[in-house]
Ligand SMILES: *Cc1c(COP(=O)(O)O)cnc(C)c1O
């Protein structure tokens, strides 16, 4: 959200500078690709709107793309987190460990289940949860860990699994911002006990509405999610699992996602190119690009870190006057959210607390033009030079 004075500045600006939104779905792949509209229209005229052939095909194609045995379509990324956690054994009263800087989605999912959360700190470079911080945060009552591949940056799930496997603690991957990314030879989402994916429209692979999926190699986890997404049924009208809900991925969304999935690697490549350019511009200045810092990334958000909170606000103001949209992912740590439950235990999270006031998200999406990209780079460069 722009402040009033930023809006006034933008209105006063009449210097021919562009208007570059933080994200633009108007020129995104769904709005501009006739195949997406054709897919939706095919479903509309088919008369099959829930769990039809497009949905079945998409589940198979998604599993094939990520390299998991199973992909189970659900209604959203948050539902995917809830159902994945339930399926690996999290229930009311369980304790889950996650990072506090990832937008509250895991904390919300745990709150829906009645599980409590304790927080592990992040790496100061990549802003990702680390195996070391997790080892410190895990307690005797910890039942599961959620690792979020934040900003498209890839968590070292293998290192985390080495630690958690020995304790018998399942690791769930939140791939909402990183679908398609690789850790070594494996796509993220194929490394943990289960993974959650979101197809919210602005994600790396977005639908034309809400949609999500759970990924897993474990047939028992897959069966549980399939049951829980439809009222806990094992067969029609026979409720065998407690905690079921209605969380289905619509046939229309599945048909659209089938068009997008083969394009995802190219989208991610464009995001990486944009981030590489930002990283180049930040080099040798006080600005630092968090996205891709010492880790593989698919550039979901391009996040710049400044030295102080004041400098962050100054950069945001400067970019606004240059017609460049910005956002903050995320401005409030989970344990400071009044609407989320208190953590089950207090843990040390100095890196998270230090970073939260110094981050700024700048435009990064496949439809960003090279002209706009260069305008943003020039603006970053001018900001950095004006201060040195
Ligand atoms: C978007 C997002 C979610 C939630 O996905 P929805 O489909 O909006 O419910 C979960 N985790 C992360 C990291 C996200 O970015």
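Numbering (my numbering), first residue to last: 24 to 411. Think of the CB as a built atom: it goes at the ideal place given N, C-alpha and C, for glycine as much as any other residue. Computed from a predicted model, the values in this text were never measured in an experiment.
Residue nearest to residue 214 within the set 57, 90 and 341 is 90 (criterion: CA-CA distance). Nearest to residue 285 by C-alpha distance, out of 48, 235 and 202, is 202. Residue burial annotation: residue 259 is exposed, with fewer than 16 other C-beta atoms found within 10 angstroms of its C-beta.
Where residue 92 is concerned, there is no enclosing beta strand (DSSP E), because DSSP gives it neither an H nor an E. Residue 61 sits exposed, since fewer than 16 C-beta atoms from the chains shown fall within 10 Å of its C-beta.
When the five nearest sequence neighbours on each side are left out, the beta carbons in the same chain lying within less than 6 Å of the beta carbon of residue 404 are those of 304, in order along the chain. Distances taken from the Cβ of residue 234 to the heavy atoms of ligand 1 include one shorter than 8 Å. DSSP places residue 128 inside the alpha helix (DSSP H), whose first and last residues are 128–136. Excluding sequence positions up to five before and after residue 207, its CB lies within less than 8 Å of the CB of 181, all in the same chain and listed in chain order. Taking non-hydrogen atoms of ligand 1 into account, the C-beta of residue 69 is found less than 8 Å away from none of them.
In the DSSP assignment, residue 275 falls within the alpha helix (DSSP H) that extends over 274–283. By the Cβ-count criterion, residue 325 is buried, with 16 or more other Cβ atoms from all chains shown falling within 10 Å of its own Cβ. Judged by the Cβ position, residue 221 qualifies as a neighbour of ligand 1 at the 8 Å threshold, a heavy atom of the ligand being closer than this. Positions of the beta strand (DSSP E) runs, each at least 3 residues long and wholly inside the stretch 145–191, are given as 165–171 in order along the chain. CA-to-CA, the gap between residue 268 and residue 252 works out to about 6 Å. Residue 104 and residue 216 do not touch by the CB rule: their CB atoms are close to 13 Å apart, not below 8 Å. Comparing C-alpha distances from residue 57 to each of 255, 283 and 176 shows the shortest one belongs to 283. For residue 120 against residue 157, the beta-carbon gap comes to about 6 Å, under 8 Å, which counts as contact.
In the same chain as residue 313, and ignoring 5 residues on each side of it, the C-beta atoms closer than 6 Å to its own belong to 150, 326 and 328, in chain order. In the structure shown, the three-state DSSP call for residue 83 is helix. Relative to ligand 1, residue 128 has its C-beta within less than 8 Å of a heavy atom. In the DSSP annotation of this structure, residue 356 is not part of any beta strand (DSSP E), being labelled neither H nor E. With a beta-carbon spacing of about 11 Å, residue 166 and residue 136 fall beyond the 8 Å limit used to define contacts. Residue 211 and residue 204 do touch by the CB rule: their CB atoms are close to 5 Å apart, below 8 Å. For residue 100, the Cβ falls inside the 8 Å cut-off from some heavy atom of ligand 1. With contacts defined by Cβ atoms closer than 9 Å, residue 221 and residue 100 form a contacting pair. Runs of the beta strand (DSSP E) lying entirely within the stretch 184–253, each at least 3 residues long, are 194–197, 217–221 and 235–239 in chain order. A Cβ-Cβ contact shorter than 9 Å links residue 159 with residue 371. By alpha-carbon distance to residue 143, the top candidate from 387, 367 and 386 is 367. For residue 102, the uninterrupted alpha helix (DSSP H) run begins and ends at 100–110, by DSSP. Distances between the C-beta of residue 276 and the heavy atoms of ligand 1 are all 8 Å or more. Selection 400, 320, 229 and 117 evaluated against residue 279 yields 229 as nearest (Cα-Cα). The DSSP-derived three-state label of residue 295 is helix. Relative to ligand 1, residue 171 has its C-beta within less than 8 Å of a heavy atom. When C-alpha distances from residue 70 are compared across 274, 383 and 409, the shortest belongs to 274.
Cα atoms of residue 154 and residue 186: separation of roughly 7 Å, rounded to the nearest angstrom.
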